[in-house]
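*Asks:*
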Amino acid sequence: MSFSGFGGGPRYSREGGNEWTEEEAGQMLAKLPAADVLLTHAPPADVNDEPDDPVHRGSPALRAWVECEQPRWLLHGHTLPSPGRRVHRLGNTRVAYGRAMKRLLPLAVLAGLGIGATALAQGGGNPYDSPEPSVTSS
């Protein structure tokens with residue numbers, strides 16, 4: 359099983375620390391190797407993001423990379439999608455966000471190894487921390 363990572367997020371401040379423009383993102387992503395699992399800080403555009411909020415919008419360049427490379431899993435942070443609007447797939451790629459990663463990263467590894475697994479029971483009372491559907495190897 360292979361992993362790739364893409365840090366930072368779309369630029370929204372003047373300082374730009376750990377932020378990038380879409381042009382810069384495209385240049386960096388062009389060098390990013392394909393992988394079974396992609397770990398990112400910010401999500402792709404229209405995937406668990408808030409497009410009207412400059413701080414929490416997703417990246418079109420990252421979305422294009424995921425659609426082209428089709429990793430088995432995309433694990434992202436930075437946003438807290440509302441339960442009713444959560445995106446679980448982008449094409450063939452399964453998607454998990456921040457709080458769900460604590461359960462799904464080990465499951466993604468197991469699934470990549472060909473071992474079926476079931477998501478763990480709900481942990482805390484956080485409304486964004488609801489259980490994810492069962493995960494099995496395909």
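Our numbering numbers the first residue of the sequence shown as 359 and each following residue consecutively.
Yeah, the Cβ is synthetic: ideal placement off N, Cα and C, and Gly gets one too.
1. Could you tell me if glycine 449 is buried or exposed, where buried requires 16 or more neighbouring beta carbons within 10 angstroms of its beta carbon?
2. Does DSSP put valine 453 in a helix, in a strand, or in coil?
3. Leaving out the 5 sequence neighbours to the left and right, which residues in its chain are closer than 8 angstroms to tryptophan 378 when beta-carbon positions are compared?
4. Kindly indicate which residue of Gly435, Val424 and Val413 has the alpha-carbon position closest to the one of glycine 375.
5. Report the rounded CA-to-CA distance for arginine 372 versus leucine 397, giving the unit in angstroms.
*Replies:* This is what the structure holds:
1. Here the question's residue 449 lines up with position 91 in the sequence shown. The residue is exposed, with fewer than 16 neighbouring Cβ atoms inside 10 Å.
2. Here residue 453 refers to the residue found at position 95 when the sequence shown is read from its first residue. Residue state, collapsed to three classes: strand.
3. For the purposes of this step, residue 378 is taken as residue 20 along the sequence shown, with counting starting at 1. Answer for tryptophan 378: Gly366, Gly367, Pro368, Arg369 and Met386, listed in chain order.
4. Start at 1 with the first residue of the sequence shown, and residue 375 comes out as number 17. Ranking Gly435, Val424 and Val413 by CA distance to the CA of glycine 375 puts Val413 first.
5. The count along the sequence shown starts at 1 and reaches residue 372 at position 14. The count along the sequence shown starts at 1 and reaches residue 397 at position 39. Distance between the alpha carbons of arginine 372 and leucine 397 is about 26 angstroms.
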